[in-house]
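Undergrad: Going by the working numbering, the sequence shown opens with residue 169, and the numbers climb by one from there.
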Amino acid sequence: MLTVVQVDAFHTRGYVVVRGFLSESEIASYTEEAETLVNHCYELGDIVSKWGCVVEPFGCGYLDSIPHLARTTQRSYLATRAQITSAPALCTLSKYGMCARQLLEPSSVVLLNEQYVVKPPRSKAAFDWHQDVLYFKEEQREHRIVSVWTPLCDVREENGTVLVDPFPDSLRPGVYPRGPEPIAVEMDAGCALFMDGRLRHCSGANTSREFRTAYMPQFSSGQISDDNGLTALAVPVNSD
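(1) Have a look at E326, V330, S275, F304 and flag the residue whose alpha-carbon is nearest the alpha-carbon of V316.
(2) Consider the C-beta atom of E282 and the heavy atoms of the ligand NAD; say whether any pair is separated by less than 6 Å.
(3) Taking DSSP as the reference, what is the three-state secondary structure of F304?
(4) If contacts are defined as beta-carbon pairs under 8 Å, then D364 and V314 qualify, I think. What distance do you get, rounded to the angstrom?
(5) Buried or exposed for D333, please, with buried defined as at least 16 other CB atoms from any protein chain shown within 10 angstroms of its CB.
(6) Which term fits T171, buried or exposed, when burial requires 16 or more other beta carbons within 10 angstroms of its beta carbon?
(7) Below 7 Å CB to CB, which residues in the same chain sit around A400 once its five sequence neighbours on both sides are set aside?
(8) Count the other C-beta atoms from every protein chain shown that fall within 10 angstroms of the C-beta of K287, then say buried if there are 16 or more, exposed otherwise.
(9) Is the Cβ-Cβ distance between R377 and P274 less than 7 Å?
(10) Under the DSSP definition of a beta bridge, which residues are partnered with H298?
(11) Rounded to the nearest angstrom, what separates Q386 and G182 at their Cα positions?
(12) I need the straight-line Cα distance from A177 to E211, nearest angstrom please.
(13) Roughly how many angstroms lie between the CA atoms of E351 and C370, to the nearest whole one?
(14) Below 7 Å between beta carbons: does that hold for T318 and A382?
(15) With the cut-off set at 7 Å, would you say T241 and A402 are in Cβ contact?
(16) Rounded to a whole number of angstroms, what is the C-alpha to C-alpha distance between N327 and W297?
(17) Are the region 180-198 and the region 338-356 in contact at 8 Å, needing three or more beta carbon pairs?
(18) Run through the DSSP bridge pairs and tell me what W317 is partnered with.
(19) What span of residues does the alpha helix (DSSP H) with V172 cover, start to end?
(20) Under 7 Å between the Cβ atoms of V175 and Q283?
(21) Does DSSP put I351 in a helix, a strand or coil?
As structure tokens, then:
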């Protein structure tokens with residue numbers, strides 16, 4: 169659970185870092201799942217050129233089929249994710265979900281997406297400056313988004329940690345009338361970087377000799393859809 173100070177910092181700057189967010193056993197569970205999925209992806213192609221360093225539990229082809237209800241209900245989501253490993257999904261909805269509800273406030277908060285972001289050793293793969301909300305069409309931006317970037321190993325600039333650009337004006341979140349003023353967020357494994365969907369951020373290359381893996385669930389204040397239906401997940405973080 170986030171403190172009042174942490175919630176206030178998030179709304180003022182567009183982000184907050186929570187040290188020691190995951191326990192050692194939780195880090196191990198997410199790491200085990202990441203390795204399972206990454207190994208599967210490597211069987212199909214290079215993690216950078218084919219997958220863009222992004223591995224989604226429901227989007228990488230590891231599961232033969234995904235019921236529609238797994239995208240919209242807790243029970244089916246947890247049962248389907250248990251075909252990979254069970255502990256991470258429960259932690260995502262409970263621990264991460266509780267914090268997302270604090271930041272987004274309404275009771276209708278849903279899990280929007282989840283992914284592992286994997287940069288191989290000495291890889292040039294990097295992510296340019298962007299705002300997560302801009303991946304959605306303008307008419308879909310009525311719901312606010314929180315992304316929780318969680319490294320499963322210690323991260324520094326040399327292995328491609330996240331750089332953030334705090335809101336210049338908390339009264340106009342996400343409006344940047346100037347160029348980036350980056351802050352490198354260096355964290356130990358299991359820390360969590362909560363980012364407003366309007367926060368400008370990027371990450372550099374991994375120049376180290378080890379894989380750099382992070383888990384990032386995203387939550388929204390309601391279901392996001394278009395004329396064709398849901399555009400992502402919509403799993404409630406409270407009870408079905």
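Cβ coordinates follow ideal geometry from the N, Cα and C atoms, glycine included.
TA: Here's the rundown:
(1) For the purposes of this step, residue 316 is identified with residue 148 of the sequence shown, where counting begins at 1. For V316, the nearest C-alpha among the options comes from V330.
(2) Ligands in the displayed structure: none, and consequently the ligand NAD is not present.
(3) As a working note, residue 304 is residue 136 in the sequence shown. Reduced to three states, the DSSP call for F304 is coil.
(4) As a position in the sequence shown, residue 364 is number 196, starting the count at 1. As a position in the sequence shown, residue 314 is number 146, starting the count at 1. Yes, D364 and V314 are in contact; Cβ-Cβ is about 7 Å, under 8 Å.
(5) As a working note, residue 333 is residue 165 in the sequence shown. When all chains shown are included, D333 counts as buried.
(6) Taking the first residue of the sequence shown as position 1, residue 171 is located at position 3. Classification of T171: exposed, given that the 10 Å Cβ count is below 16.
(7) Residue 400 sits at position 232 when you count from the first residue of the sequence shown. So the list reads L280, N281, I392, once near-sequence residues are dropped.
(8) Counting from one through the sequence shown, the residue named residue 287 turns up at place 119. Counting Cβ neighbours within 10 Å, K287 comes out buried, since at least 16 surround it.
(9) Locating residue 377 in the sequence shown gives position 209, counting from the first residue. Locating residue 274 in the sequence shown gives position 106, counting from the first residue. Contact: no.
(10) Start at 1 with the first residue of the sequence shown, and residue 298 comes out as number 130. The partner list for H298 (beta bridge, DSSP) reads H369.
(11) Numbered from 1 along the sequence shown, position 218 holds the residue referred to as residue 386. Numbered from 1 along the sequence shown, position 14 holds the residue referred to as residue 182. Approximately 15 Å between the Cα atoms of the pair.
(12) In the sequence shown, residue 177 corresponds to position 9, counting from 1. In the sequence shown, residue 211 corresponds to position 43, counting from 1. The alpha-carbon atoms of A177 and E211 are separated by roughly 42 Å.
(13) One-based indexing of the sequence shown puts residue 351 at position 183. One-based indexing of the sequence shown puts residue 370 at position 202. What sits at residue 351 in the sequence shown is Ile, not Glu. Computed Cα separation, rounded: 10 Å.
(14) Mapped onto the sequence shown, residue 318 falls at position 150. Mapped onto the sequence shown, residue 382 falls at position 214. Yes, these two residues count as a Cβ contact at 7 Å.
(15) Numbered from its first residue, the sequence shown carries residue 241 at position 73. Numbered from its first residue, the sequence shown carries residue 402 at position 234. The answer is no: Cβ separation not under 7 Å.
(16) As a first step, residue 327 is located in the sequence shown; it is residue number 159 there, counting from the start. As a first step, residue 297 is located in the sequence shown; it is residue number 129 there, counting from the start. Rounded to whole angstroms, N327 and W297 show a C-alpha spacing of 17 Å.
(17) yes
(18) Working through the sequence shown from its first residue, we reach residue 317 at position 149. In the DSSP output, where bridge partners are listed per residue, W317 has L361.
(19) Numbered from its first residue, the sequence shown carries residue 172 at position 4. That run of the alpha helix (DSSP H) goes 172-181.
(20) Within the sequence shown, the letter at position 7 stands for residue 175. Within the sequence shown, the letter at position 115 stands for residue 283. No.
(21) Here residue 351 is taken as the residue at index 183 of the sequence shown, counted from 1. In this structure, I351 counts as strand in the three-state DSSP scheme.
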